[in-house]
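K.L.:
The opening residue of the sequence shown carries number 724 in the numbering used here; numbering runs sequentially from there.
Quick reminder that beta carbons are idealized off the backbone N, C-alpha and C, glycines included.
Before we start, here is the structure in question, set down as structure tokens.
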Amino acid sequence: MQQEQDESFGLGVRHLTVRLSDPNAKWGEAYLLEETRIRDALGPLALDIQHFGSTAIPGIKAKPIIDILVGIPSLEDGLACIGPMEKIGYDYAGADIVPDDHLFGRGVIGETRTHLAHVVEYQGFNWRRNILFRDRLQGDTTLALAYEELKIGLAQKFAESRAAYTGAKKVFIDKVLAEAGFA
Numbered sequence: 724m725q726q727e728q729d730e731s732f733g734l735g736v737r738h739l740t741v742r743l744s745d746p747n748a749k750w751g752e753a754y755l756l757e758e759t760r761i762r763d764a765l766g767p768l769a770l771d772i773q774h775f776g777s778t779a780i781p782g783i784k785a786k787p788i789i790d791i792l793v794g795i796p797s798l799e800d801g802l803a804c805i806g807p808m809e810k811i812g813y814d815y816a817g818a819d820i821v822p823d824d825h826l827f828g829r830g831v832i833g834e835t836r837t838h839l840a841h842v843v844e845y846q847g848f849n850w851r852r853n854i855l856f857r858d859r860l861q862g863d864t865t866l867a868l869a870y871e872e873l874k875i876g877l878a879q880k881f882a883e884s885r886a887a888y889t890g891a892k893k894v895f896i897d898k899v900l901a902e903a904g905f906a
């Protein structure tokens, strides 16, 4: 049932690879369903849950993976999320991939990813950084389209390396955040 639902939302990318899809109005619905599942699983540990990443930016191509930001009281509370997240189909990828970020993935382990949950300290550095970048792109179509153009080129260049693709976007992201006064 869950896999069929993910497919109906156009979700799923082979593990560690990059593939962009045209914008899909169903991505917002897919996020809302997942937000409810995570909120129910984590209870009061989840202070806030937000949709971020390119699937949260209307009108641009994105990797068809729903990125979810889960704000918890402190980074140490991330370990308490492992059991509840596993019960709803997420595997724990660790806290060493992205600094100050507990990363959880959903999909078929080693094959495809449909959702990534980034569990971070609520209102901490990663929380504020991700929300500000999302908000800037949602509020500025020209900026969003420039980001899409960058992503298209990088997806062609780094189709087999999601880490290289993500790393190559950093200069653009840092510039947008610096222009917004984020330090």
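Would you call the CB atoms of V741 and Y888 closer than 7 Å?
P.N.:
Locating residue 741 in the sequence shown gives position 18, where the first residue counts as 1. Locating residue 888 in the sequence shown gives position 165, where the first residue counts as 1. A contact, by the Cβ cut-off of 7 Å.
K.L.:
Is T889 helix, strand or coil when you go by DSSP?
P.N.:
Looking up residue 889 in the sequence shown gives position 166. T889: helix per DSSP, three-state reduction.
K.L.:
Going along the chain, which residues of its own chain have a beta-carbon closer than 6 Å to the beta-carbon of N747, five neighbours each way excluded?
P.N.:
Along the sequence shown, read from residue 1 onward, the residue named residue 747 stands at position 24. So the list reads G733, once near-sequence residues are dropped.
K.L.:
What are the partner residues of L792, as DSSP defines its beta bridges?
P.N.:
Locating residue 792 in the sequence shown gives position 69, counting from the first residue. Its beta-bridge partners are Q773, H841.
K.L.:
According to DSSP, simplified to helix, strand and coil, what is L739?
P.N.:
Looking up residue 739 in the sequence shown gives position 16. Coil.
K.L.:
R829 bridges to which residues according to DSSP?
P.N.:
What you label residue 829 is simply residue 106 of the sequence shown in a count that begins at 1. Paired residue(s): Y813, H838.
K.L.:
Apply the 10 Å Cβ neighbour rule to S667 and answer buried if 16 or more other Cβ atoms are within range, or exposed otherwise.
P.N.:
Here the chain comprises residues numbered 724 to 906, so residue 667 is not present and cannot be evaluated.
K.L.:
With a threshold of 6 Å on Cβ separation, who are the neighbours of G782 within its own chain once the five nearest residues in sequence on each side are excluded?
P.N.:
Position 59 of the sequence shown, counted from the first residue, corresponds to residue 782. The residues are P746.
K.L.:
Do the stretch 841-849 and the stretch 813-827 make contact, defined as three or more Cβ pairs closer than 8 Å?
P.N.:
Result yes; three or more Cβ-Cβ pairs closer than 8 Å.
K.L.:
Pairs of beta-carbons, one from the stretch 799-815 and one from the stretch 894-903, closer than 8 Å: are there three or more?
P.N.:
As far as the Cβ criterion goes, the stretch 799-815 does not touch the stretch 894-903, which means the pair count is below three.
K.L.:
Does DSSP classify I783 as helix, strand or coil?
P.N.:
Within the sequence shown, numbered from 1, the residue matching residue 783 stands at position 60. Here I783 sits in coil by DSSP.
K.L.:
Sort out for me which residues DSSP pairs D745 with in a bridge.
P.N.:
Locating residue 745 in the sequence shown gives position 22, counting from the first residue. In DSSP, D745 forms no bridge with anything.
K.L.:
Can you have a look at L739 and say buried or exposed, based on whether 16 or more other CB atoms are within 10 angstroms of its CB?
P.N.:
Within the sequence shown, numbered from 1, the residue matching residue 739 stands at position 16. Classification of L739: exposed, given that the 10 Å Cβ count is below 16.
K.L.:
Can you tell me which of the three DSSP states D858 falls into?
P.N.:
To locate residue 858, count along the sequence shown from 1; it is residue 135. DSSP places D858 in helix when its eight states are reduced to three.
K.L.:
According to DSSP, is Y818 part of a helix, a strand, or is it coil?
P.N.:
By one-based count along the sequence shown, residue 818 stands at place 95. It is worth fixing the name first, because residue 818 is Ala in this sequence and not Tyr. It is a strand residue.
K.L.:
Using 10 angstroms around the beta-carbon of G828, count the other beta-carbons present and answer buried if the total reaches 16, otherwise exposed.
P.N.:
Here residue 828 is taken as the residue at index 105 of the sequence shown, counted from 1. Classification of G828: buried, given that the 10 Å Cβ count is 16 or more.
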